[in-house]
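Some notes on the structure that comes next.
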Amino acid sequence: MTLFGSLGDGYVRRALLEVVLLGVLCGAVGVQVVLRRLAFLTTALTHATFPGVVLASLLGIGLVLGAGLFGVLVVAVVAVLTGTRGAGRGRETSSVTAVVLAGGFALGLALMSTRNGFSRDLTAFLVGSVLTVSPSDIVATAVTTVCVLGLLAGLRKELLLGAFDPGALAAAGYPVRALDLVLLLMIEATVVTSLPAVGTIMAVALIVGPAATARLWCSGAGTMTAVAMVIGVLSGVVGLAVSEQWNVAAGGAIVLTVAAFFTVSLVARSLPRGESAMRPAAQEKSVGRPTYS
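Each step along the sequence shown adds one to the number in UniProt numbering, with nothing skipped, and position 2 is 2.
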């Protein structure tokens, strides 16, 4: 059964709407993650959020709500330990990020081992299940998407300046630490929103992959953002179609599609094109290669 042939099923329509919203959200936020080299920090946030899911299950509250609240705590800890400014840069930040990644995930597993009977349900949040998303999950994704896109648009100039020249941003009088904290919270909100669909493990691929692919083709931030959102949506739709056609895990199919887009783009960009393939090595050095800011 193909994807369009199964649109009559309510769960398929919900899954399709969810992956479209997530494609837009993750693509837009992923551009900031890639430009600031925060992929490792984003990975740490996805893993460190897992204890919130376990605590929410123990307390009997919503799992996504628990992940969100714990995620805010994790962001606050990272911001305090790294001084927030220049998050993602430097040896100190890398060390803090590594500790948060390992410690957070280990805490989740330790909490999960304290009780029996619900480990299977919580494990689903590690890989997600887009075909079982509820209407409330879709509403949460839609609200998060609107809020995050609004913040990205409103702070576009400041965020771009902070990504390329944080020193100039500080010299201009902008609150650098506050802006970095807002960005970390947006990344965490995106991670938490992605949990029901792709889980804590694969959320980082949906955030970083489309943006990294777009950067291979685009030099402008605006164009890069638009292309990243398109790739994110296409990855979700194609992955869902593959899942329906061949009865494979939807989350895995979506992430594999993201990886395929990136791999094909990377290979295509590395191929010699036109006259550049015949240009002498000395001339190549004098002309130089295009760079991405």
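Virtual Cβ for every residue (Gly too), placed ideally from N, Cα, C.
The beta carbons of Gly52 and Ala67 sit closer together than 7 Å. Burial state of Arg156 is exposed, judged by a 10 Å Cβ sphere holding fewer than 16 other Cβ atoms.
Between Val24 and Thr145, the gap from beta carbon to beta carbon is short of 7 Å. For the stretch 190-231, there is no continuous alpha helix (DSSP H) assignment of 4+ residues that stays within its boundaries. Counting only the Cα atoms, Gly150 lies some 31 Å from Phe105. CA-to-CA, the gap between Val72 and Ile187 works out to about 10 Å. Under the three-state reduction of DSSP output, Leu240 falls in the helix class. Pro196 counts as buried, since at least 16 other C-beta atoms from the protein chains shown sit within 10 angstroms of its C-beta. Around the beta-carbon of Leu271, fewer than 16 other beta-carbon atoms lie within 10 Å, marking it exposed. Around the beta-carbon of Asp165, fewer than 16 other beta-carbon atoms lie within 10 Å, marking it exposed. Between Ser235 and Thr257, the C-beta gap is smaller than 7 Å, which places the two residues in contact. Contact between the stretch 57-65 and the stretch 240-254 is not established, with fewer than three Cβ pairs separated by less than 8 Å. Secondary structure at Asp137: helix, using DSSP grouped into helix, strand and coil. Contact between Val100 and Val74 holds: CB atoms are separated by about 6 Å, below the 8 Å threshold.
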